[in-house]
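Engineer: Numbering (full-length UniProt numbering), first residue to last: 29 to 484. All C-beta atoms in this analysis are idealised placements derived from N, C-alpha and C, irrespective of residue type, glycine included. Keep in mind that this is a model prediction, so the values were computed, not measured.
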Ligand code: GLN
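(1) Considering only DSSP beta bridges, list what residue 80 is partnered with.
(2) In or out: residue 336 buried (at least 16 other Cβ within 10 Å) or exposed?
(3) Helix, strand or coil for residue 406 per DSSP?
(4) When you compare only the Cα positions, how much space is there between residue 29 and residue 176?
(5) In the DSSP assignment, find the beta strand (DSSP E) that holds residue 46 and state where it starts and stops.
(6) Give me the Cα-Cα distance between residue 472 and residue 227, rounded to the nearest whole angstrom.
(7) At which residue ranges does the segment 161 to 185 contain complete beta strand (DSSP E) runs of 3 or more residues, listed in the order of the chain?
(8) Thinking just about the alpha-carbon of each residue, which of 332, 334, 349 and 333 is nearest to the one in residue 340?
(9) From what residue to what residue does the beta strand (DSSP E) around residue 462 run?
(10) Among all the DSSP beta bridges, which residues are the ones paired with residue 144?
(11) So, at 6 Å on beta carbons, what are the nonlocal neighbours of residue 448 in its own chain, with the 5 sequence-adjacent residues on each side left out?
(12) Decide if residue 311 is buried, meaning its Cβ has at least 16 other Cβ atoms within 10 Å, or exposed.
(13) What are the residues that DSSP puts in a beta bridge with residue 378?
(14) In this structure, what does DSSP give as the bridge partners for residue 411?
(15) Can you tell which of 298, 294, 383 and 274 has its C-alpha closest to the C-alpha of residue 436?
(16) With a threshold of 7 Å, establish whether the CB of residue 225 neighbours any heavy atom of the ligand GLN.
(17) List the DSSP bridge partners of residue 269.
(18) In three-state DSSP terms, what is residue 213?
(19) I'd like to know whether the C-beta atoms of residue 145 and residue 161 end up nearer to each other than 8 Å.
(20) I'd like the list of long-range same chain contacts for residue 404, defined as Cβ closer than 8 Å, with 5 residues on each side in sequence excluded.
(21) Hey, is residue 359 close to the ligand GLN, as in C-beta under 7 Å from one of its heavy atoms?
(22) Roughly how many angstroms lie between the CA atoms of residue 128 and residue 400, to the nearest whole one?
(23) On the DSSP bridge list, what partners appear for residue 451?
Below, the structure is given as structure tokens:
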């Protein structure tokens with residue numbers, strides 16, 4: 029049914045870069061056999077899933093939305109993909125994304141944009157717009173995304189889906205093509221909170237292949253969602269982050285946010301306002317730390333080891349450096365080049381302390397703001413994104429306007445804490461979905477599911 033739905037709507041939505049119907053049907057047949065023998069591999073055995081094209085998959089290309097990796101077939105599966113396969117979930121295919129996960133609209137994909145199923149003239153968010161649109165358009169019931177600065181939560185908000193960024197280290201990054209190692213996390217994209225909890229439990233937990241993986245059991249996420257669904261939040265302290273609302277937030281988004289907070293109060297939660305003064309510097313900090321890490325990570329695309337190789341025009345016996353230059357010039361898009369230049373500049377000797385060093389200090393201040401806020405509250409809340417989905421092309425030529433989408437999601441990545449985006453209803457001005465964000469302390473991902481399910 030999902031393959032039929034993909035065939036019917038993906039020409040318009042373009043959520044997928046690659047669909048493998050044959051492999052998915054074979055996996056589904058194996059799943060049917062297991063289930064009729066009464067021995068399913070997991071609670072999600074047989075439920076199809078779509079995978080963001082930044083996670084390596086054996087037998088399917090992995091492009092990261094870039095020309096430089098066109099046609100590359102990885103020799104190994106990401107740990108999260110291995111876990112999907114072991115649990116019996118048929119993999120439908122790979123979803124579209126901004127090139128190397130850089131963007132908030134999926135317009136920076138080298139393979140053309142994904143469109144928002146709510147309105148095909150609008151963006152589905154980014155960088156994981158493909159995964160969010162696939163779930164919103166009923167092409168897949170479940171998807172995996174990755175979130176470095178908001179790429180699971182912001183697409184969730186603008187497509188009316190649920191998206192979770194787990195605690196840093198809670199889900200393995202082995203086989204995730206790194207954008208910024210200290211910020212990246214893999215997480216679920218679904219239509220319900222319980223589905224996210226089920227998928228999160230399945231992909232999460234310790235992995236010896238990821239040196240930053242937390243070596244302790246995950247909290248009970250499904251149980252937390254089931255408890256939350258009873259709707260009783262008595263005794264829960266909720267902190268509304270003062271710096272993440274008001275000016276700069278669309279009126280309809282803010283109105284749906286205020287209503288969701290009222291629902292929390294009705295469910296018995298105690299609401300306080302908390303202040304996180306360093307959050308106003310989060311965007312600037314992120315746009316130093318992230319390009320620094322990305323510029324270093326992307327150095328491996330050198331025309332020798334992976335994917336594309338372009339020989340420079342009119343040069344006999346070109347040197348390795350000439351081939352590398354021609355390949356990177358043709359293979360990377362403008363946004364990727366912009367960030368490589370920013371990162372390389374900020375890391376250069378003479379500027380390192382002033383930019384990268386300073387950003388790391390502000391990052392510590394942001395973590396301290398979280399620590400202080402979590403003394404006053406068990407969870408923190410804000411709108412997920414400042415606006416609903418904007419029109420394709422609207423912010424493409426204005427990188428700063430594009431970066432502002434991540435205002436409310438970035439602090440969690442800088443501090444490594446988990447966050448969920450929930451649909452909070454439709455904004456009055458445009459009838460488009462708005463998102464409600466819940467943040468919890470590191471390793472307390474269960475709280476996201478308790479609160480999320482109570483609101484659903
Ligand atoms: N939109 C942000 C950026 O462009 C976040 C990307 C992400 O989370 N991968 O960097």
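Structural biologist: According to the structure shown:
(1) For the purposes of this step, residue 80 is taken as the residue at position 52 of the chain shown. DSSP lists 123 as the beta-bridge partner residues of residue 80.
(2) As a working mapping, residue 336 is identified with position 308 in the chain shown. Burial check for residue 336: the Cβ neighbour count within 10 Å reaches 16 or more, so the residue is buried.
(3) Residue mapping note: residue 406 aligns to position 378 of the chain shown, counting from 1. When secondary structure is reduced to three states using DSSP, residue 406 falls in the coil class, being assigned neither helix nor strand.
(4) Against the chain shown, residue 29 aligns to sequence position 1. Against the chain shown, residue 176 aligns to sequence position 148. Residue 29 and residue 176 have their alpha carbons spaced roughly 32 Å apart.
(5) Counting from 1 along the chain shown, the entry for residue 46 is found at position 18. From DSSP, the beta strand (DSSP E) with residue 46 extends over 44 to 47.
(6) For the purposes of this step, residue 472 is taken as residue 444 along the chain shown, with counting starting at 1. For the purposes of this step, residue 227 is taken as residue 199 along the chain shown, with counting starting at 1. Taking the straight line joining both Cα atoms gives about 17 Å.
(7) Whole beta strand (DSSP E) segments, 3+ residues: 170 to 175.
(8) In the chain shown, the residue the question calls residue 340 occupies position 312. Comparing Cα-Cα distances from residue 340 to each of 332, 334, 349 and 333, the minimum goes to 349.
(9) Counting from one through the chain shown, the residue named residue 462 turns up at place 434. Counting along the chain, residue 462 sits inside the beta strand (DSSP E) bounded by residues 461 to 467.
(10) As a first step, residue 144 must be located in the chain shown, where it is residue number 116. Residue 144 is bridged to 147.
(11) Taking the first residue of the chain shown as 1, we reach residue 448 at position 420. Hits under 6 Å: 192, 466, 476 and 480.
(12) Position 283 of the chain shown, counted from the first residue, corresponds to residue 311. Answer is buried; the Cβ neighbour count reaches 16.
(13) Residue mapping note: residue 378 aligns to position 350 of the chain shown, counting from 1. In the DSSP assignment, no residue is bridged to residue 378.
(14) Residue mapping note: residue 411 aligns to position 383 of the chain shown, counting from 1. DSSP lists 464 as partners of residue 411.
(15) Counted from its first residue, the chain shown places residue 436 at position 408. Nearest C-alpha to residue 436 among 298, 294, 383 and 274: 274.
(16) Against the chain shown, residue 225 aligns to sequence position 197. No; taking the cut-off as 7 Å, the Cβ of residue 225 has no heavy atom of the ligand GLN nearer than that.
(17) Counting from one through the chain shown, the residue named residue 269 turns up at place 241. Residue 269 is bridged to 302.
(18) Within the chain shown, numbered from 1, the residue matching residue 213 stands at position 185. It is a strand residue.
(19) Numbered from its first residue, the chain shown carries residue 145 at position 117. Numbered from its first residue, the chain shown carries residue 161 at position 133. In terms of Cβ geometry, residue 145 and residue 161 form a close pair [threshold 8 Å].
(20) Working through the chain shown from its first residue, we reach residue 404 at position 376. Once the five neighbours on either side are set aside, the close Cβ partners of residue 404 are 265, 267, 300 and 302.
(21) Numbered from its first residue, the chain shown carries residue 359 at position 331. Residue 359: no, Cβ never under 7 Å from the ligand GLN.
(22) Here residue 128 refers to the residue found at position 100 of the chain shown. Here residue 400 refers to the residue found at position 372 of the chain shown. Spanning the two alpha carbons is a distance of roughly 34 Å.
(23) The residue given as residue 451 occupies position 423 in the chain shown. According to DSSP, residue 451 bridges with 463.
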